[in-house]
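Here is the structure we will look at, set down as structure tokens.
Residue numbers (my numbering), protein chains in the order written: chain A, 1 to 101; chain B, 1001 to 1300; chain C, 2001 to 2348.
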């Protein structure tokens, strides 16, 4: 869908984000974000979904460019275990006998 | 209600082998395997002061960036900003630690001050940061412009320092180069978008550059500490051309003019590197140090 | 916590009530009316998915009220994460050690990320983030009332990690099994990170409790101020929560407010004992018969006052969020203008 000439939407469009981890075989849909253009979307995806983890391949696609199938088919299963959750962990001490933590 | 209702929680918290991980910085220790004693050929006092200079630049500038958290123009920018603030704080920590270590080398049998003693218990005149990093940005255009200048300059400096004869400084700089490349790129993208965006953003971006420009010259001034560390420190004067070229390239893409105007004068010949700062700096330090100073000797 | 709209029990889909885009391509359902075979098939499929504890996904058919309730719940959760950046962010610049400062910045950054994951989940239901932000800043959608309390000392940072994140975890872990797929998946990611936030807060408190008398007093004072508001995070008592039944039928809510509140108390009392702080409730005691802790009455008047907008920080939290959004408009517009200019150039 093209914008009418001279008219700029001030909202940033939605981009869907796909990641392939270092040991992954293919890209997995992990969520979405807003950006003004594809380059910004890539940068945001790196910040938000990979926490600057190197070696991760990122695809961003404007949501409007995605064609989806009928609702009977499931979305690709999102597997969070492939993502590194902690960007920069450091040690801290919690005694072993503190319950529920 | 049964225990297995919360099995998900148990498994979440029990998932990693190590229950002690939390957030912080520097998972891979850039100083791993590096001899941290001060090389014999190096003037330890000068090294300590030099590390304070670079460390204070990062500490103070990170503070200003932290003040923009929850004020950024879009949520995605919050994540980017926090990354930059964290990177600079990480650099500051390592540099302050190095400064303390170098000072410790001067004391017989003593340890020098640690990062927190240096950050929280020095007074204003003991800080060695340039004046550029002390101002609170009036708007996002100033944030982008100041970050561009700072990171372009610091990146050029660190690229030289990666060859430093002090192995710790070299390691810190090598890690910093990757981070500063990201920071410079982030800032450049924003300066370009604002410069070549709307007429309003163009005006604000040009005005922001005008506000920042008087403090740029100071970044390239030679100083006696650097001169006392040949092969260890990087001469800022030699960076002027390279950094100027980077800035000009960004300004051109942004349809912005390089500002004219005279550099900000010194005070009785002294400036940030000598411990003579702007009025804003006193308030900044008061905020940074207030809790630590209210509880001297406490562990946090 | 979240005030859910009043709805009746799910009934057959009504004509015209099926949202655009949700109608399956090949089902031939133009002009579905009440009692039409296709429409009740959709409802039956929806009900069956729920009863089998499977997930509803973005392009599945769902009742309007399920969609709007889900959007509201997810959005309010997202708003809570974003607003929650403020009370803790309040102490970043004053953090008394560089290590604590780094940890706190990373934590607040995570909260921004959590907010974005959740807005992203809400958008899969057809919501628009700019519109949700608009509703937030104009008071039409809410966020967790706990963030309307002030953070007055550095110990508050630790207590928020321990009690507020602890309560949030109790609320959120069951949501990992939410009937709505994108929400459940976002919650799994978020819960992992929250458990570390809680530990970080607790560790700060442990360090302070082993420190100076002033530090210990600070921790006790912060606990005194945050204990009861943390219990309020689970929402009003069950007998004053009429929407619970509907939400549980839809797999939106997995446990009642009182169940979760009890669970939180049971988990937290031993943690307080290990820490060496007293929880400010003289009626708190172990009840061997019930196998749970008995505790005193929450001040629901204070809760209602805060929910209605009269808490200590409501105005300031909203103003900050609104200012960031409003003052950022020219920046967002500039980026959009730049993108449009250069897209046209590429196309030319």
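Don't be surprised by glycine CBs; every beta carbon is placed ideally from N, CA and C.
Just so it is clear, the structure is predicted and the values come from calculations on it, not from any experiment.
ask   = Beta-carbon of residue 33 of chain A versus every beta-carbon of chain B: anything under 8 Å?
value = Against the first chain, residue 33 of chain A aligns to sequence position 33. It does: the Cβ of residue 33 of chain A has a partner Cβ on chain B nearer than 8 Å.
query = Can you list the beta strand (DSSP E) stretches of 3 or more residues lying completely in the stretch 2156 to 2212 of chain C, in chain order?
reply = none
message = Any heavy atom of the ligand ATP inside 7 Å of the beta-carbon of residue 2264 of chain C?
response = This structure lacks the ligand ATP, and indeed carries no ligand of any kind.
task = Please report how far the alpha carbon of residue 1114 of chain B lies from the alpha carbon of residue 40 of chain A, in whole angstroms.
result = As a first step, residue 1114 of chain B must be located in the second chain, where it is residue number 114. As a first step, residue 40 of chain A must be located in the first chain, where it is residue number 40. If I take the Cα positions, the gap works out to 39 Å.
query = residue 15 of chain A to residue 36 of chain A, Cα distance in whole Å?
reply = In the first chain, counting from the first residue as 1, residue 15 of chain A sits at position 15. In the first chain, counting from the first residue as 1, residue 36 of chain A sits at position 36. So the two alpha carbons sit approximately 10 Å from each other.
query = From what residue to what residue does the alpha helix (DSSP H) around residue 1191 of chain B run?
reply = Mapped onto the second chain, residue 1191 of chain B falls at position 191. That run of the alpha helix (DSSP H) goes 1167 to 1195.
message = My parser needs the alpha helix (DSSP H) runs of 4 or more residues fully inside the stretch 2064 to 2139 of chain C; what are they?
response = 2064 to 2089, 2098 to 2123, 2129 to 2137
Cβ neighbour criterion (16 or more within 10 Å) applied to residue 2042 of chain C = Counting from one through the third chain, the residue named residue 2042 of chain C turns up at place 42. So residue 2042 of chain C counts as buried.
request  = Could you tell me whether the Cβ of residue 1079 of chain B comes closer than 8 Å to any Cβ of chain A?
outcome  = By one-based count along the second chain, residue 1079 of chain B stands at place 79. So yes, residue 1079 of chain B belongs to the interface.
request  = May I have the straight-line CA-CA distance separating residue 2101 of chain C from residue 2179 of chain C, to the nearest angstrom?
outcome  = Numbered from 1 along the third chain, position 101 holds the residue referred to as residue 2101 of chain C. Numbered from 1 along the third chain, position 179 holds the residue referred to as residue 2179 of chain C. For residue 2101 of chain C and residue 2179 of chain C, the distance between alpha carbons rounds to 38 Å.
Residue 1032 of chain B classed as buried or exposed, judged by whether at least 16 other C-beta atoms fall within 10 angstroms = As a first step, residue 1032 of chain B is located in the second chain; it is residue number 32 there, counting from the start. Exposed is the call here.
request  = Pick helix, strand or coil for residue 20 of chain A, following the three-state DSSP scheme.
outcome  = Indexing the first chain from 1 puts residue 20 of chain A at position 20. Residue 20 of chain A falls in the strand class under three-state DSSP.
Length of the line joining the Cα atoms of residue 1161 of chain B and residue 1038 of chain B = Taking the first residue of the second chain as position 1, residue 1161 of chain B is located at position 161. Taking the first residue of the second chain as position 1, residue 1038 of chain B is located at position 38. Each residue's alpha carbon lies about 16 Å from the other.
query = With a cut-off of 8 Å, does the C-beta of residue 2338 of chain C fall near any C-beta of chain A?
reply = On the third chain, residue 2338 of chain C is found 338 positions in, with the first residue counted as 1. Chain A, which has a Cβ nearer than 8 Å to the Cβ of residue 2338 of chain C, makes this yes.
ask   = Given 8 Å as the limit, is there contact between the stretch 1181 to 1189 of chain B and the stretch 1063 to 1070 of chain B, that is, 3 or more CB pairs closer than that?
value = no
ask   = Can you give the Cα-Cα distance for residue 2263 of chain C and residue 1079 of chain B, rounded to whole angstroms?
value = Taking the first residue of the third chain as 1, we reach residue 2263 of chain C at position 263. Taking the first residue of the second chain as 1, we reach residue 1079 of chain B at position 79. Spanning the two alpha carbons is a distance of roughly 33 Å.
request  = Could you tell me whether the Cβ atoms of residue 1122 of chain B and residue 1271 of chain B are closer together than 8 Å?
outcome  = Walking along the second chain from the start, residue 1122 of chain B turns up at place 122. Walking along the second chain from the start, residue 1271 of chain B turns up at place 271. It is not a contact, given that the beta carbons lie outside the stated cut-off.
query = For residue 2209 of chain C, which option in B:1099, B:1298, B:1074 has the closest C-alpha, if you only look at C-alpha atoms?
reply = Residue 2209 of chain C sits at position 209 when you count from the first residue of the third chain. Measuring from the Cα of residue 2209 of chain C, the nearest candidate turns out to be B:1298.
ask   = For the candidate residues B:1097, B:1035, B:1070, whose alpha-carbon lies nearest to that of residue 1052 of chain B?
value = Position 52 of the second chain, counted from the first residue, corresponds to residue 1052 of chain B. For residue 1052 of chain B, the nearest C-alpha among the options comes from B:1097.
ask   = Helix, strand or coil: how does DSSP classify residue 1212 of chain B here?
value = For the purposes of this step, residue 1212 of chain B is identified with residue 212 of the second chain, where counting begins at 1. DSSP places residue 1212 of chain B in helix when its eight states are reduced to three.
key: Contacts of residue 2123 of chain C in chain A (Cβ-Cβ under 7 Å)   = Numbered from 1 along the third chain, position 123 holds the residue referred to as residue 2123 of chain C. Residues of chain A passing the Cβ test: 14, 32.
inquiry  = Taking CB distances under 8 Å as the criterion, tell me whether residue 112 of chain A reaches chain B.
reply    = Past the edges of chain A, shown from 1 to 101, lies residue 112 of chain A, and the structure says nothing about it.
request  = Note down, in chain order, all residues in the stretch 1048 to 1076 of chain B with a beta-carbon under 9 Å from any beta-carbon belonging to chain A.
outcome  = 1074, 1075, 1076
Proximity winner among C:2230, C:2172, C:2314, relative to residue 2299 of chain C (alpha-carbon distances) = Position 299 of the third chain, counted from the first residue, corresponds to residue 2299 of chain C. Among C:2230, C:2172, C:2314, the Cα nearest to that of residue 2299 of chain C belongs to C:2230.
message = For the stretch 1132 to 1141 of chain B against the stretch 1272 to 1290 of chain B, do three or more pairs of beta-carbon atoms, one drawn from each stretch, fall closer than 8 Å, so that the two count as touching?
response = yes
query = Taking Cβ to Cβ, would you say residue 19 of chain A is nearer than 8 Å to residue 58 of chain A?
reply = Position 19 of the first chain, counted from the first residue, corresponds to residue 19 of chain A. Position 58 of the first chain, counted from the first residue, corresponds to residue 58 of chain A. In this structure, residue 58 of chain A lies closer than 8 Å to residue 19 of chain A by Cβ.
ask   = Within 10 angstroms of its Cβ, does residue 1261 of chain B collect 16 or more other Cβ (buried), or is it exposed?
value = Here residue 1261 of chain B is taken as the residue at index 261 of the second chain, counted from 1. So residue 1261 of chain B counts as exposed.
inquiry  = Given this structure, state the Cα-to-Cα distance separating residue 2174 of chain C from residue 2265 of chain C, to the nearest angstrom.
reply    = As a working mapping, residue 2174 of chain C is identified with position 174 in the third chain. As a working mapping, residue 2265 of chain C is identified with position 265 in the third chain. For residue 2174 of chain C and residue 2265 of chain C, the distance between alpha carbons rounds to 17 Å.
ask   = Where does residue 1034 of chain B land, buried or exposed, given buried means 16+ other C-beta within 10 angstroms?
value = Taking the first residue of the second chain as 1, we reach residue 1034 of chain B at position 34. Classification for residue 1034 of chain B: exposed.
query = How close, in whole Å, do the beta carbons of residue 2198 of chain C and residue 2228 of chain C come, if the pair is a contact with beta carbons under 8 Å?
reply = Your numbering for residue 2198 of chain C matches position 198 in the third chain. Your numbering for residue 2228 of chain C matches position 228 in the third chain. Not confirmed; about 19 Å, so no contact.
key: Supposed close pair residue 68 of chain A, residue 2059 of chain C - CB separation, criterion 8 Å   = The residue you call residue 68 of chain A lines up with position 68 of the first chain. The residue you call residue 2059 of chain C lines up with position 59 of the third chain. That belief holds up - the Cβ atoms of residue 68 of chain A and residue 2059 of chain C are roughly 6 Å apart, short of 8 Å.
query = Does the stretch 2087 to 2101 of chain C touch the stretch 2063 to 2075 of chain C, meaning 3 or more C-beta pairs lie closer than 8 Å?
reply = no
Spatial distance of residue 2194 of chain C from residue 1153 of chain B (CA atoms) = Against the third chain, residue 2194 of chain C aligns to sequence position 194. Against the second chain, residue 1153 of chain B aligns to sequence position 153. Computed Cα separation, rounded: 38 Å.
ask   = Closest by CA to residue 1194 of chain B, which one among C:2343, C:2334, C:2051?
value = One-based indexing of the second chain puts residue 1194 of chain B at position 194. It is C:2334.
Proximal chain B residues relative to residue 2273 of chain C, where beta-carbon distance stays under 8 Å = Mapped onto the third chain, residue 2273 of chain C falls at position 273. Correct list: empty, because the minimum Cβ distance to chain B is about 19 Å.
task = Let me know the secondary structure DSSP gives residue 2285 of chain C once reduced to three states.
result = Position 285 of the third chain, counted from the start, is the residue given in the question as residue 2285 of chain C. Strand at residue 2285 of chain C.
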